[in-house]
Each structure stands twice: as C-alpha cells, then as structure tokens.
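A quick write-up on the structure given underneath.
In our numbering, the protein residues as written are 36 to 171.
Put into structure tokens, the structure is as follows:
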C-alpha cells in the first residue's frame, strides 16, 4: 500500500530545512529505497523547471559549484542542464557509505543500506549532512 511521509535535511545541530513529502510504494522500505525515492523525486522536480540553475538536493551533481545559503548548501550550475537521477543515486549511496550524511527514521539511525523500516504517514525521515573536519 503506498504511503507518503515527510523527509527533511538537518544540520548536525538538529535544524531542519528542505522539508518535503516523499511518496513510497510500500510501508516497508530499506535505506536504499528511501535514498532512491528521495533522489529520484528531487531530480525530477529540478528537471521539470526549465529555468532552474540551483539544485537543493541530497548530494552535489557534477559540474556544479557548492555555495552556502546560511547553513544550507546549494549547488549552482554555470549552464543549465538536466540531472541524471541514476548518477545522483549512485553518488548518494557512496555518500551514505562514506558517512557524508546520517539517515534518521523517527530519530533512529540507519546503519546500512539494506536495513529496513516500517513507515507510515506520520514517519519522519531526516538526512543529517555531516561536515568533515579540516586538519584531522
């Protein structure tokens, strides 16, 4: 049975931004499924906007420059182009495996891509982007 839940990005301090609904085909999903659906939907939304030059997604697309809008990263294209969702999905999987972000499902941290969760309309999923420390 399809379910719509809420996903957001969070800073390490717990400040939420980029909150959006996420439609899933089933009530039982893996971490890989959550990442795939989020990336697919945000790339489709961006590609539908013919004049968009700023992508506010989970991971940085190639050929973009990253800037901060407050504490929120934005990815700017020098020249507008469509994003390949499969390439973004692969980047996101690598980012998760390399601890570039944490995934919290109702405040429970996901440990692996194959870990599964039961979700419902009230489920909150947070992608907590981590900033690497410079110099050690």
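No residue lacks a Cβ here, since even glycine has one placed at the ideal position from N, Cα and C.
Predicted model, so just to flag it, every value in this text is computed and none were measured.
Same chain, Cβ closer than 8 angstroms to residue i, neighbours up to 5 away in sequence not counted
i           : result
residue 166 : 47
residue 79  : 120
residue 43  : 51, 52, 53, 54, 55, 159, 160, 161 and 162
residue 144 : 137 and 138
Of the listed residues the options, nearest to residue i (C-alpha basis)
i           : options              : result
residue 38  : 154, 164 and 74      : 154
residue 65  : 162, 152 and 158     : 152
residue 148 : 112, 51, 159 and 133 : 133
residue 142 : 163, 125 and 135     : 163
residue 60  : 50, 42, 51 and 36    : 36
Rounded distance between the beta-carbons of residue j and residue i, thought under 8 angstroms
i           : j          : result
residue 93  : residue 67 : That pair is no contact at about 13 angstroms.
residue 118 : residue 82 : 6 angstroms
residue 138 : residue 69 : 7 angstroms
Contact test: residue i Cβ vs the ligand GDP heavy atom, cutoff 8 angstroms
i           : result
residue 129 : Judged by which ligands are present, the structure shown has none, so any question about the ligand GDP falls away.
Same chain, Cβ closer than 7 angstroms to residue i, five either side skipped, listed in chain order
i           : result
residue 156 : 38, 39 and 40
residue 158 : 40, 140 and 141
residue 63  : 151 and 153
residue 96  : 90, 110, 118 and 123
Outcome for residue i when other beta-carbon atoms lying within 10 angstroms are tallied against a minimum of 16
i           : result
residue 84  : exposed
residue 127 : buried
residue 123 : buried
residue 51  : exposed
Residue i - DSSP class collapsed to helix/strand/coil
i           : result
residue 76  : helix
residue 86  : coil
residue 71  : helix
residue 91  : coil
residue 211 : In the structure displayed, the chain extends from 36 to 171; residue 211 sits before or after that span and is not available.
residue 42  : strand
residue 165 : coil
residue 121 : helix
residue 132 : helix
residue 47  : coil
Own chain, CB closer than 6 angstroms to residue i, minus 5 neighbours either side, in chain order
i           : result
residue 115 : 88
residue 77  : 92
residue 140 : 152 and 160
residue 131 : none
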